[in-house]
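Everything on this sheet refers to the single structure shown next.
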Amino acid sequence: MDSHEVGVLLEECLRAAEAASLQCKQPTEAERIDFCSCTDSLCAELASLLQEATDMKWPFVPEKWQYKQSVSANDKTNLSDLISKHLPELLAVLKASIVAQEASTALAVVFLVDRFLYWTDDSSRLLKITKLLHRRHRDAPVAPQLVIRQARVYLNSGKLQKAEYILSSLITNSGATGCWVYHSESDKALVQAVSVQVRGVILQKLGLWLEAAELIWASLVGFYALPQPDKKGIGTSLGILANILLSMNDEDFTAFRTNPHIELSLLGDDSHRLLSAAQAAKRAVIYSQYNSFYVLTGVAIQGTCLLSYSFSVACPDSQRQSFLMKAREAFAIGLLSKSEGELVTSKQELHTFLKTAYSLTVAHKWLGTPREVVAQATQTCQKGLAIFYDYCHADTEARDSLCAEIMNLVAQVKLLLQVEPFLNSDKGSFIPDSYRNIEGTSVNFTLEGFFKVMQRFHKYHASLCKTSNSKCKGTGDEIDGAKLCITALGTTIGTLNTECTTETSKVSADTPKHSDSSVVHPPHKPDLCTTIDSTDNVGSSSSAYTQSSGVELEANPRNVSCLTTEIEDETSDGLMQTTDKNKAQNIHGYNSGISSQTVPRSAVPSTSSSSVSSDSEKFEVIQAGIETLDTVEDWIDDIASVAQIPSAAETTPQSLSQLNLSSSSISLTDSFSSQSSWEKISADLKSPTNGKHQPTSLSVEGPGKSSKSPESDGSFFLLDTVDSETSDSLHDPIYKNHTPGGEGPSSGPHPQEGALHLKFSKATGLWTARETCVYIGKPMGVEGKQRAAIWVQFLHQEERLSSYVGKDYLKPKQIQFHLKDVERQMTAQYYVTEFNKSLYDKEVMAQIFYIPSEALLILNGDDIAGCVTVEPFMLGDFVKLTNNTGKKDKSFQATEYGLAFGHFTYLYSCCQEVVVDLQGWVTANGKGLTYLTDPQIHSIKTPRGPSNFAARGLRYFLEEQHGPECNSICQLLKLPPVVKQPHVPRY
């Protein structure tokens, strides 16, 4: 049954549910007979499953092999195979039961087909049917699996607040949801374990690796503690944990591994983070060996860990080849998880196949496979990613053909790289016999121990439950917190008609309005109040943005009105693309992205140790507010070209490790390492935590020679940058990433390119880089004064089902501008994480998060063709709490936390920095979860610039925005009054 046929049947069921919700008549005799006829037509196995689902026998539909230690041949078939074979009959039963008003049977059918349709990307319509049934039949039980599925869909579509509310409710109330009846305490524990697992994925998406790892470990305790351990749950959590460890820094890994409350013997004796991650991924594969997709996912992570370790300083040179070959083996196993011609219907699975094929190509490159073969395989993967982008935006009927094209390209990569079948004596398993040699680890987890673990998170989750609307949309009735309703998820808020100005110089009220800020103005929503401008919120959210009303919000708060609204889930589960109402753009008619003049790849500029500019740079103003004047006279344009350095020998694979930025030299040197495909760049010569000068990495003397830094965390190489505090000036290559008619990747017919995926960690002061493939998609239709928003997909994105937004400068910009944008946001994330710990220590459960920002360095062969910053897409109403001078919006309670955060940042940085310009997404009462983006940081650590007002900016915050009197949050945290802090010079 193809995707189009499934879509037609689902649409018929949805129309039947909509019609039933609008009428109160009783079903006719003919409709009852049709219902009985449909149910009687089911095969015995399906009829038995349907009855068990109706009787609420399990909270999740189990696989046959999932809870068995000894698996027979009959147990190795997956439920998806049975559902796929009989999907037309099941959907016929669903439609007939809706019409006959047999809600319990209808919801049981939805329960059975849910997982299969999730993998075929049809969850949205199925959940709409679920909600319609619930509103009409409040006494019909909705399975916990469906409630958690809604949380997953919210997570994938960028509605993190809603996802958090569902999960926290299930965790706090032991899985209680609606009329569902549990048959055992272990079933409740299973629901809590899955809920905390998904919460861990949310924190992973937010870049909070340590916190995410702790939650995933808690889920592992729950899965192991069941009377029959849940092998699927264990495998999934181990895979997620491996992915988290891959991104985690060594400091967090040490804290995680030495935590006395965490038992990690199941990861083996390897003390290295990447080897522990590879071990976790391999165990995940073994636990889930009878499901091809879980095997593919696990070996892709395992291979990535091994590939990364092969370039680390901890890997002996004599073993590097061995680890590369192990990585190659893992990727090959994944590509063999589907036979030739076998259809793949899951977006996640297609993405993982492409990522695995590309990763296998990278492994072959470093193993010495001929360059022409590697180049052909790389181009094939890039072509596949372009088709995948079309697949993600295609109608249902077009997906099957696009899927076939993608899998045909994957097959070509397998042929090019000579992927051969492996020895497997276990029919039904998707792993080689060699993988079964791993020794089992005995763990002693109990349900009592799991409940104790969950108690540690109880206060936070219980508090979060109180921040959200608890009314059922069907009746408007208040819902008991212990009886979570799938439709009572009102967490978004309406926006406010407020004004908040910023300045680099004071502007009088009658001065003609002019702004160089990067504000975005998507269309007004008639049912929402308007909100203020934002710094550069181009594309991180689809929400209501409007221009300022010009009202001083503190002067007359009574004129500010707020309309609490809830965007209907039925119309907003998908991603919303907005267009400027005054300047509509045809977002389907052309490719946007990064047009540029190519620059040699060796010409990547340094980044300063702060997230702000140096005196030697001329920045366009990237800051918040309505009235922002560019005081160009304050800044000196001292940008010079760097001579292009000859590339290495053509036989040597090139990577970012070619870039060695030395504080003793202004220009970039051409130091190559044949070993480093995955490396770290030191972006801060002074540790942000202890202020000690770090040793610099050793220069590489020439092609094929490498020198490893003692500062490496073992997964990447370290490279120095210019220390802007000691050097007289920075000389950056002239870099243009948006020149009309340029030769960038998006200006031609091939918007899919190779890239380096760059991440910055403030805690370590390091940049990490890995090779990936990126597709620069269509513009989102939102454009600010400085940047435009574009859809971006890349193979190594943190979440496969999530959408990512690229922010591209409209005018020519150096790479350094993009990197500073990332540094600034990740620095704010570093500070806010410490602030959250202080809140938690005082039993304040409100939490603030900064959406992680990363950079993609677009490559065209050996040239840098462009750069774009990316962050996860967020869906909701965007609000502004403060600007970067003295303004603040007191109508949001979250502003009180924001001002306390600024106060905390000022103290934590030894009175040298403050994070301002707070904007993002908040809960209705401001006490729950706040997600922020695009901050500004005033700092006296480095010379000031247009985005850093330095001492004047600190003074704005201390004297005007925060003021001499602390608010209740500052007092609760016992922060010393700002008036008693060291005098801030007035310059």
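Heads up, the sequence shown is in UniProt numbering, so the first residue is 1 and it goes up one at a time. For glycine and all other residues, C-beta sits at the position ideal for the given N, C-alpha and C.
- Of the residues assessed, R456 falls on the exposed side of the cut-off, its CB having fewer than 16 other CB atoms within 10 angstroms.
- The Cβ neighbour count for Q321, taken over all protein chains shown within 10 Å, is under 16; the residue is labelled exposed.
- At least 8 Å separates the beta-carbon of V344 from that of M248.
- Pairing G765 with I790 gives a Cβ-Cβ distance that is not under 8 Å.
- Contact between the segment 841-854 and the segment 946-961 is not established, with fewer than three Cβ pairs separated by less than 8 Å.
- DSSP places I776 within a strand segment (E or B) once states are collapsed to three.
- The beta-bridge partner set that DSSP reports for V879 consists of G920.
- Looking at the backbone, the Cα of L49 and that of E448 are separated by about 31 Å.
- Checking the DSSP bridge columns, you'll see T930 partnered with I848.
- Around the beta carbon of E753, a 10 Å sphere encloses 16 or more other beta carbons of the protein chains shown; the residue is thus reported as buried.
- The C-alpha of A900 is placed about 13 Å away from the C-alpha of K837.
- DSSP places D252 in the uninterrupted alpha helix (DSSP H) bounded by D250 to R257.
- As for any beta strand (DSSP E) of minimum length 3 sitting wholly inside the segment 941-975, there is none.
- When beta bridges are read from the DSSP output, E329 appears opposite no residue.
- If you ignore the 5 residues before and after A20, its C-beta comes within less than 6 Å of the C-beta of I98, all in its own chain and listed in chain order.
- Three or more beta-carbon pairs separated by less than 8 Å are not found between the segment 204-218 and the segment 424-437, which leaves the two stretches without contact.
- M780 and G866 have their C-alpha atoms spaced approximately 19 Å apart.
- Residue nearest to M325 within the set L117, W921, L360 and T869 is L360 (criterion: CA-CA distance).
- For F388, the enclosing alpha helix (DSSP H) begins and ends at R371 to C392.
- Short of 7 Å from the beta carbon of I129, and not among the five residues preceding or following it, lie these beta carbons of its own chain, in chain order: C13, L14, A17 and V110.
- If you draw a 10 Å sphere on the C-beta of S968, you find fewer than 16 other C-beta atoms in it, and that means exposed.
- Contact between the segment 280-287 and the segment 222-238 is present: three or more C-beta pairs spanning the two stretches fall below 8 Å.
- Inter-segment contact for the segment 125-139 and the segment 157-169 is absent: fewer than three beta-carbon pairs are separated by less than 8 Å.
- A contact is defined here as three or more CB-CB pairs under 8 Å, and the segment 216-228 meets this definition with respect to the segment 186-202.
- Shown here, Y809 sits in a strand according to DSSP, grouped into three states.
- Three or more pairs of CB atoms, one per stretch, sit closer than 8 Å, so the segment 878-889 contacts the segment 908-917.
- Residues of the same chain with a CB within less than 6 Å of the CB of A242, apart from the 5 flanking positions on each side, are A277, A280, A281 and I301 in chain order.
- Secondary structure of N78 (DSSP, three-state): coil.
- For the pair F256 and A218, the CB atoms are not nearer than the 8 Å cut-off.
- Residue environment for T446: exposed (fewer than 16 other C-beta atoms within 10 angstroms of its C-beta).
- Collapsing the DSSP output to three states places K888 in a strand.
- F873 sits close to G158, with the two beta carbons spaced by under 8 Å.
- Between the alpha carbons of D934 and F817 lies a distance of about 13 Å.
- DSSP places K837 within a helical segment (H, G or I) once states are collapsed to three.
- A distance below 8 Å separates the beta carbons of F388 and H351.
- I202 has its alpha-carbon roughly 37 Å from the corresponding atom of E959.
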